[in-house]
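Working notes, beginning with the structure itself.
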Amino acid sequence: MYFSKSFVPILKNNPTEAKIKSHQLMLRVGMIKQSSAGIYSWLPLGFKVMKKIEQIVREEQDRIGVQEILMPTIQSSEIWKESGRYDDYGEEMLRIKDRQNREMLYGPTNEELVTEIFRSSIKSYKSLPQLLYHIQWKFRDELRPRFGIMRCREFYMKDAYSFDLNDEEALFSYNKFFLSYLRTFKRLNLSAIPMAADTGPIGGNLSHEFIILADTGESKIYTDKRIFDVNNSSTLLDKKSLADLRQQYEKFYSVTDEKFDQNEFEKVVPEEFRVNTKGIEVGHIFYFGDKYSKPMNATVDFNGKKEFVKMGSYGIGVSRLVGAIIEAKYNDKDEIMKWPISVAPYQCAIIPMIKKNDTSNLEKSNKILEYLKSKNIDTIIDDTEENISAKIRKFNLIGVPYQLILGNKTDGDLFEFKEINGETQKLNIEEVASQILKAKSN
Ligand code: 5CA
Numbered sequence: 093m094y095f096s097k098s099f100v101p102i103l104k105n106n107p108t109e110a111k112i113k114s115h116q117l118m119l120r121v122g123m124i125k126q127s128s129a130g131i132y133s134w135l136p137l138g139f140k141v142m143k144k145i146e147q148i149v150r151e152e153q154d155r156i157g158v159q160e161i162l163m164p165t166i167q168s169s170e171i172w173k174e175s176g177r178y179d180d181y182g183e184e185m186l187r188i189k190d191r192q193n194r195e196m197l198y199g200p201t202n203e204e205l206v207t208e209i210f211r212s213s214i215k216s217y218k219s220l221p222q223l224l225y226h227i228q229w230k231f232r233d234e235l236r237p238r239f240g241i242m243r244c245r246e247f248y249m250k251d252a253y254s255f256d257l258n259d260e261e262a263l264f265s266y267n268k269f270f271l272s273y274l275r276t277f278k279r280l281n282l283s284a285i286p287m288a289a290d291t292g293p294i295g296g297n298l299s300h301e302f303i304i305l306a307d308t309g310e311s312k313i314y315t316d317k318r319i320f321d322v323n324n325s326s327t328l329l330d331k332k333s334l335a336d337l338r339q340q341y342e343k344f345y346s347v348t349d350e351k352f353d354q355n356e357f358e359k360v361v362p363e364e365f366r367v368n369t370k371g372i373e374v375g376h377i378f379y380f381g382d383k384y385s386k387p388m389n390a391t392v393d394f395n396g397k398k399e400f401v402k403m404g405s406y407g408i409g410v411s412r413l414v415g416a417i418i419e420a421k422y423n424d425k426d427e428i429m430k431w432p433i434s435v436a437p438y439q440c441a442i443i444p445m446i447k448k449n450d451t452s453n454l455e456k457s458n459k460i461l462e463y464l465k466s467k468n469i470d471t472i473i474d475d476t477e478e479n480i481s482a483k484i485r486k487f488n489l490i491g492v493p494y495q496l497i498l499g500n501k502t503d504g505d506l507f508e509f510k511e512i513n514g515e516t517q518k519l520n521i522e523e524v525a526s527q528i529l530k531a532k533s534n
């Protein structure tokens, strides 16, 4: 990709309407463009990051055996009347009438629709568990959309749903998602901690929010420092290992403010381990038993008896994660964003000095690009006529983690290569590729 042909509308200054770093940066480097309050278009840079996040989320769902489906954004009100949530959901639900005057809505979540899909096809307990997910736009008419795509009205979410015969099996499903979330956030280079949380309009009595620490977060959290050291590298998927894993986290006090109790916090967390800070909720999992299956009559046959299936739901804020990663990775001191290599909009920028009537650096850049592409390294060439330092500033601003510079000093097959906040090295192209590939595999 040539920068001169890319659609990356960079602003000269930070937009004044943005209050937090992620919102500022996303507008500044042209990742998103507001279309109306709390509704955004995703421009190429932002869209690339979001798609990479989505793919990691997808791979980690597939890995625990969840099956991908795609449900529509527009739903009929009928199923919401069955569950009783049509009235309960209130003004956050965007209600629409079609030309037949039928009441429709833009889905804020999908418990009802997926239950309807399940009950019309699955009849026997022998088909359980059923684990289904989709990645789809949601709409919630938030009273105060703010912080760009962090709290918006239209957002992109991965939501999964589990159907089991009884509580024991349902908790097994819940714990699979618990592990899968730890793995997903790790691959995104985030340290997300599970916290006991309130269930709100989704319902149920067991729920964990996955939260990353950030001063600009909207969730107040109270936790025990030692929870950050829990070893979560387990690859075992059996019931006991998964229950043990969750237990390892749950032995530490870690809650959001709705569940906070000052006395208990002081009683169970020694002073030196107490953390009282703010965070961003990037995922939320729920167990709610037969809350939907009962009113919607979703049953399976178990030895001649009809049993209401036990359900859970599991969300990840895919679009919110783009902003959350910026909040977590932006270095305030050096004022530099460095995207984790797994989701960087480009992994490497080739920055040639372009002289009038001399195409040699551009030709070299094309060859390097072909080589890096063959190694699956997502690369862009800055073919504009700006001077080198302006180009470097631009990629520093965007946060492209690796930069390869072809200036006057380029001698033979050695290039100036640096990690965004690192020292310049002189390397040949094989060494460049192997450094980037090494970072990718970590
Ligand atoms: N049905 C359940 C689980 S699938 C559910 O909807 N859960 S949720 O309400 O907690 O949302 C899941 C995730 O979506 C949240 O953890 C958050 O990361 C993201 N999210 C929720 N509301 C918004 C919003 N207004 N803007 C951006 N992301 C949001």
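Quick note, the sequence shown lines up with residues 93 to 534 if you use the numbering used here.
Every residue gets a Cβ at the ideal spot worked out from N, C-alpha and C, and that includes glycine.
Since residue i contacts residue j with CB under 8 Å, what's their CB separation in whole angstroms?
i	j	result
I494	E511	Ile is not the amino acid found at residue 494; the sequence shown has Tyr there. With 8 Å as the limit, Y494 and E511 qualify as a contact, their Cβ atoms being about 6 Å apart.
F38	Y345	Only positions 93 to 534 of the chain appear in the structure, and residue 38 is not among them; the question remains open.
E204	M388	7 Å
I460	I442	6 Å
D505	N488	About 26 Å separates the two Cβ atoms, so there is no contact after all.
S283	F320	7 Å
L529	K467	6 Å
Given a cut-off of 7 Å on the beta-carbon distance, is the pair residue i and residue j in contact?
i	j	result
G381	G309	no
V141	G122	no
Y422	K113	yes
Q439	D470	yes
I241	S98	no
L223	S175	no
R245	G375	no
Y178	S168	no
M445	G409	no
L334	N267	yes
N193	M163	no
F95	Y217	no
E508	T516	yes
S325	L337	no
Tell me which same chain residues have a C-beta within less than 8 Å of the C-beta of residue i, skipping the five on either side of it?
i	result
S311	E301, I303, T348, D349, K370, G371, I372, E373
L280	I145, I148, L413, I417, P432, S434, V435
D190	M196
V492	W431, A436, P437, Y438, Q439, C440, A441, I472, I512
S127	S133
N458	I473
I484	I443, Q495, I497
I124	M118, Y132, S133, W134, L135, G138, G240, I241
A306	K370, G371, I372, A416, E419, A420
Below 7 Å CB to CB, which residues in the same chain sit around residue i once its five sequence neighbours on both sides are set aside?
i	result
T165	Y198, G199, Q228, W229
F365	D316, K317, R318
G295	F380, K383
L464	C440, T471, A525
L186	L197, Y198, F231, D233
I480	I443, M445, I497, G499
Figure out for me which residue from the options has the closest Cα to the Cα of residue i.
i	options	result
G36	G292, N106, S98	This structure leaves residue 36 out entirely; the chain is present only between 93 and 534.
V392	K386, L506, L137, K215	K215
Q159	S526, F277, S411, Y225	Y225
G404	N453, I497, A482, L298	L298
Y157	R120, A252, A288	Here the sequence assigns Gly to residue 157, which means Tyr is not the residue at that position. Taking only the C-alpha atoms, the option nearest G157 is A252.
I490	L117, F95, K104	L117
A289	D353, E184, R236, R120	D353
Q36	S325, Q527, Y273	With the chain covering only 93 through 534, there is no way to say anything about residue 36.
Y248	T516, V524, G415, I528	G415
L103	Y94, K386, R120	R120
E399	N258, S96, E184, M93	N258
E427	N106, F95, Y94, S96	N106
L62	K332, E234, R243	The chain is shown only over 93 to 534; residue 62 falls outside these bounds and no answer can be derived.
K456	D503, D424, K359, S481	D503
E184	K111, L235, H115	L235
M93	N479, L337, K173, E462	E462
K111	N479, R238, K447, E523	R238
R155	D180, S385, R275, K386	R275
I171	D450, G514, K386	K386
K486	H115, K351, R150, M429	M429
Keeping to the same chain, check which residues put their C-beta closer than 6 Å to that of residue i; ignore five residues upstream and five downstream.
i	result
A390	T207, F210, R211, V401
I377	F269, H300, Y406
D256	L220, P221, A262, S265, K402
A531	I433
N368	Y314
P286	H300, F302, Y341
F277	A284
E360	Position check: residue 360 holds Val in this sequence, whereas Glu was assumed. Result list for V360: Y345, in chain order.
Between residue i and the ligand FAD, is there a pair consisting of the residue's CB and a ligand heavy atom that are separated by less than 6 Å?
i	result
M249	Ligands displayed in this structure: the ligand 5CA; the ligand FAD is not among them.
Quick one: is residue i near chain C, going by C-beta distance under 7 Å?
i	result
L263	Looking for chain C here will not work: only one protein chain is present.
**Q.** 4-residue-minimum alpha helix (DSSP H) runs that sit fully inside the region 132-202, ordered along the chain
**A.** 136-155, 169-175, 177-180
Q. Going along the chain, which unbroken runs of the beta strand (DSSP E) with 3 or more residues stay wholly within the region 268-309?
A. 284-288, 298-305
Q: Jot down the residue ranges of each uninterrupted beta strand (DSSP E) in the region 441-474, minimum 3 residues, whole runs only, in chain order.
A: With a minimum length of 3 residues, the continuous beta strand (DSSP E) runs that stay inside the region 441-474 are 471-473.
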